[in-house]
Amino acid sequence: MQRVVVLGFDGALASAITGVVDLFAMAGVSWNRIQQQDVQRLFKVSIASPDGQPIRCINGLELQTHCSYQEIQTADIVVVPTIAAPIQDVLQQNPELIRFLKSAHADSTLIAGNCTGNFFLAEAGILDNRVATTHWGFQDIFRTHYPQVKLNADLMISRDQNIYCAGGGLAWFDLGLHLIERFYGFEVAMQSAKSFVIDYRRDSQLSYSLLKIGQPHHDELVQNVQNWLEQHFHESFSLDDIATRFNVTTRTLIRHFKQALDLPPNQYLQAIRIEAARKRLEETDQAVDVIMQNIGYQDPSSFRRLFHRKTGLTPLEYRRRFSRRF
Numbered sequence: 001m002q003r004v005v006v007l008g009f010d011g012a013l014a015s016a017i018t019g020v021v022d023l024f025a026m027a028g029v030s031w032n033r034i035q036q037q038d039v040q041r042l043f044k045v046s047i048a049s050p051d052g053q054p055i056r057c058i059n060g061l062e063l064q065t066h067c068s069y070q071e072i073q074t075a076d077i078v079v080v081p082t083i084a085a086p087i088q089d090v091l092q093q094n095p096e097l098i099r100f101l102k103s104a105h106a107d108s109t110l111i112a113g114n115c116t117g118n119f120f121l122a123e124a125g126i127l128d129n130r131v132a133t134t135h136w137g138f139q140d141i142f143r144t145h146y147p148q149v150k151l152n153a154d155l156m157i158s159r160d161q162n163i164y165c166a167g168g169g170l171a172w173f174d175l176g177l178h179l180i181e182r183f184y185g186f187e188v189a190m191q192s193a194k195s196f197v198i199d200y201r202r203d204s205q206l207s208y209s210l211l212k213i214g215q216p217h218h219d220e221l222v223q224n225v226q227n228w229l230e231q232h233f234h235e236s237f238s239l240d241d242i243a244t245r246f247n248v249t250t251r252t253l254i255r256h257f258k259q260a261l262d263l264p265p266n267q268y269l270q271a272i273r274i275e276a277a278r279k280r281l282e283e284t285d286q287a288v289d290v291i292m293q294n295i296g297y298q299d300p301s302s303f304r305r306l307f308h309r310k311t312g313l314t315p316l317e318y319r320r321r322f323s324r325r326f
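So the sequence shown is numbered by full-length UniProt numbering: it starts at 1 and just counts up by one.
Printed below as a string of structure tokens:
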């Protein structure tokens with residue numbers, strides 16, 4: 001039986017604690033009951049806090065704990081849940097957790113962080129020069145504070161030796177299933193996923209993130225071009241056509257976009273078109289080829305490749321997952 005300790009703290013996301021506890025507690029149990037087989041508990045799970053006292057989660061839920069960090073004697077897996085309160089405040093309020101992570105890492109304990117909980121791992125220095133992920137919405141803050149981490153926020157799950165990181169707030173499901181597979185194999189992980197009626201092997205956050213279209217700036221030329229592109233993105237034109245319309249050279253146009261938005265105008269146009277396609281896939285039942293033509297593309301295979309590269313899904317997969325039409 002593998003021993004799992006969840007490191008609780010005030011301001012955590014409650015479901016990232018209770019959900020992980022449930023998932024591990026039911027591994028080898030729920031599926032076996034469904035199949036009328038003998039139950040085999042695979043994990044022993046406990047919750048720790050800085051002082052062994054109850055923790056108050058972001059939703060006001062108070063969770064009882066089993067021990068303090070110092071009282072943890074042995075653990076095969078240490079789980080750090082999502083930080084749901086202001087991140088920097090929580091980091092500053094929990095030096096004991098950071099010290100514990102350093103010690104656990106030195107002992108080669110498997111450490112798994114979920115979502116913004118990975119800020120704790122980075123703060124402890126155990127992600128330095130390692131591949132990691134975090135919630136896509138906090139990737140810029142993460143990179144600013146921890147430039148030495150090889151962050152890839154497109155990943156749902158990252159693994160670098162004995163350190164696992166999960167992306168979004170509810171990615172603890174994916175994280176837990178990966179850890180079940182690590183210790184008990186793919187079949188047991190898949191059985192757990194089926195018994196909870198959830199997908200397994202979601203590898204990317206791309207389809208859940210908002211396309212990052214630009215950033216605040218004060219470049220009047222770029223703003224004027226942005227406004228025009230947002231009205232005419234479905235039309236056919238070249239960069240030279242845009243430059244001519246705004247009385248600048250193509251080179252000048254590209255330079256202004258890179259300085260203001262950190263991306264060239266053709267990539268900005270791609271982002272607008274893909275975002276428009278996403279909205280149509282979510283909100284209408286238009287055929288994919290019709291959507292493609294309505295947003296300015298003519299080649300179906302090129303459009304599908306681009307859409308998959310930007311979202312991690314094909315257009316039909318995206319519609320099945322995110323359609324708002326019932």
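Idealized CB from N, CA, C, for every residue including glycine. As the structure is a computational prediction, the values presented were derived from the model and not from experiment.
Can you give me the C-alpha to C-alpha distance between residue i and residue j, rounded to a whole angstrom?
| i | j | result |
| --- | --- | --- |
| Q139 | Y146 | 10 Å |
| I34 | Q191 | 10 Å |
| M26 | K44 | 10 Å |
| V188 | V288 | 37 Å |
| F326 | L221 | Residue placement at F326 is poorly supported in this model, since its pLDDT is 43, which falls under 50; the coordinates still yield a value, given next. Looking at the two C-alpha atoms, the distance is approximately 43 Å. |
| M156 | Q298 | 32 Å |
| F322 | V225 | 31 Å |
| E123 | L239 | 44 Å |
| V20 | G169 | 12 Å |
| I254 | L269 | 12 Å |
| P86 | T116 | 10 Å |
| D241 | Q293 | 20 Å |
| V78 | I111 | 5 Å |
| D285 | T314 | 16 Å |
| H105 | D160 | 13 Å |
| Q259 | P216 | 12 Å |
| S301 | L281 | 17 Å |
| F303 | R245 | 26 Å |
| E62 | A243 | 59 Å |
| L42 | S103 | 25 Å |
| Q70 | G137 | 33 Å |
| H178 | N152 | 18 Å |
| F307 | E181 | 31 Å |
| I98 | T109 | 14 Å |
| Q148 | F142 | 10 Å |
| E275 | D22 | 36 Å |
Pull up the CB-CB distance for residue i and residue j, whole angstroms please, since I reckon it's below 8 Å.
| i | j | result |
| --- | --- | --- |
| S30 | S49 | Their Cβ separation, rounded to whole angstroms, is 28 Å, which puts S30 and S49 out of contact at 8 Å. |
| L101 | L121 | 6 Å |
| R4 | D76 | According to the sequence shown, residue 4 is Val rather than Arg. Going by Cβ atoms, the distance from V4 to D76 rounds to 7 Å, so yes, they are a contact pair. |
| residue 385 | I163 | No answer is possible for residue 385: it lies beyond the span of the chain, which begins at 1 and ends at 326. |
| D10 | I55 | 5 Å |
| A132 | N114 | The Cβ separation is near 12 Å, so there is no contact. |
| G296 | H234 | 5 Å |
| P95 | A16 | About 21 Å; that fails the 8 Å criterion. |
| G8 | T65 | 6 Å |
| G167 | T144 | At roughly 18 Å, the Cβ-Cβ gap does not stay under 8 Å, so G167 and T144 are not in contact. |
| V6 | I47 | 5 Å |
| A271 | I291 | Actually they are not in contact, since the Cβ atoms of A271 and I291 sit about 16 Å apart, beyond 8 Å. |
| F24 | G176 | 6 Å |
| Q2 | F183 | 5 Å |
Residue range of the beta strand (DSSP E) that residue i falls in?
| i | result |
| --- | --- |
| V248 | No beta strand (DSSP E) contains V248, which DSSP labels as neither H nor E. |
| I83 | Here I83 belongs to no beta strand (DSSP E), and DSSP marks it neither H nor E. |
| V39 | Premise fails: V39 is in no beta strand (DSSP E) and is neither H nor E. |
| Q2 | 2–7 |
| A271 | From DSSP, A271 is part of no beta strand (DSSP E) but of the alpha helix (DSSP H) over 265–283. |
| I111 | 110–114 |
Exposed or buried, what is residue i when buried is set at 16 or more other beta-carbons lying within 10 Å of its beta-carbon?
| i | result |
| --- | --- |
| A12 | buried |
| T273 | Reading off the sequence shown, one finds Arg at residue 273, where the question assumed Thr. Buried. |
| K194 | exposed |
| Q186 | Note that residue 186 is Phe in the sequence shown, not Gln. Exposed is the call here. |
| R251 | exposed |
| R319 | buried |
| V39 | exposed |
| D199 | exposed |
| S236 | exposed |
| G52 | exposed |
| D262 | exposed |
| G312 | buried |
| D89 | exposed |
| K310 | buried |
| L316 | exposed |
Hey, could you find the ends of the alpha helix (DSSP H) residue i is sitting in?
| i | result |
| --- | --- |
| G19 | 14–26 |
| N59 | Note, N59: premise wrong, no alpha helix (DSSP H); not H, not E. |
| A104 | 95–106 |
| S302 | 300–311 |
| A318 | Note that residue 318 corresponds to Tyr in the displayed sequence, not to Ala. Run containing Y318: 315–322, per the alpha helix (DSSP H) assignment. |
| H232 | 220–232 |
| residue 329 | Residue 329 is absent from the structure shown; the chain starts at 1 and stops at 326. |
| D289 | 288–294 |
Please list the segments of the beta strand (DSSP E) lying wholly inside the region 116–197, counting only runs of 3 or more residues, in order along the chain. 157–160, 163–166
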